[in-house]
Amino acid sequence: MATPDFIRELRAVAGHHLLWLPGVTALVFDDEGRLLLGRRSDTRKWAVIGGIPDPGEQPAVCAVREVFEETAVRCVVERVVLVQAAPEPVIYDNGDVCQYMDITFRCRAVGGEARVNDDESLEVGWFAVDALPDLNEFALFRIKQALSDEPTWFEPMSSS
Numbered sequence: 007m008a009t010p011d012f013i014r015e016l017r018a019v020a021g022h023h024l025l026w027l028p029g030v031t032a033l034v035f036d037d038e039g040r041l042l043l044g045r046r047s048d049t050r051k052w053a054v055i056g057g058i059p060d061p062g063e064q065p066a067v068c069a070v071r072e073v074f075e076e077t078a079v080r081c082v083v084e085r086v087v088l089v090q091a092a093p094e095p096v097i098y099d100n101g102d103v104c105q106y107m108d109i110t111f112r113c114r115a116v117g118g119e120a121r122v123n124d125d126e127s128l129e130v131g132w133f134a135v136d137a138l139p140d141l142n143e144f145a146l147f148r149i150k151q152a153l154s155d156e157p158t159w160f161e162p163m164s165s166s
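Numbered by the numbering used here, the letters in the sequence shown go through residues 7 to 166 in order.
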């Protein structure tokens, strides 16, 4: 996966230590209600589209940018689906450790033809929500929330 320059600069100082980073997930639906997914080049698994905002970049702008960079699909953000701190850090093959605060957006496709548009994906494609490929729990929970009429989901505060 392409690592943003600002993270490479942080890694030069922080080494492999935990970085707390913002992340965005874009759930893009077309007019037929199909969901846009990419098969990642690093894991070879199907996944929702996402990325890391550049410093000062608005999360919704990042979502639109990431979708186009990875899939060549143009989209608009419709609403925030959820805000969630990842429960566990991610440890990458090179030893880097990151934990993400994810903002997930429901988006609508408005143009472009889905195709692999960078080196982060092996394939991209549209899937009916009742015929999705094997996806992890992260993706499935976000898709469920995007398809619901519930307001933005967030982890409730504990009463302790």
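Beta carbons are placed, not taken as given, at the ideal position from N, Cα and C, and that holds for glycine.
Query, Result
"Minimum length 4: unbroken alpha helix (DSSP H) runs contained in the stretch 62-112", "65-77"
"Which of helix, strand or coil DSSP assigns to V54", "coil"
"Nearest-angstrom beta carbon gap, E126 and A8 [assumed within contact, 8 Å]", "6 Å"
"Boundaries of the alpha helix (DSSP H) in which V130 is found, first to last residue", "Careful: V130 lies outside any alpha helix (DSSP H), inside the beta strand (DSSP E) at 127-133."
"First through last residue of the alpha helix (DSSP H) which encompasses L146", "143-153"
"Own chain partners of V103 with C-beta closer than 8 Å, once the 5 adjacent residues on each side are dropped", "H22, H23, L24, L25, P95, V96, I97"
"Span separating the alpha-carbon of D124 from that of V86", "26 Å"
"Exposed unless 16 or more other CB atoms sit within 10 angstroms - verdict on R112", "buried"
"Selected residue, minimal CA-CA separation from P65, among V30, E84, D36", "V30"
"Alpha carbon of E129 to alpha carbon of P93, nearest angstrom", "28 Å"
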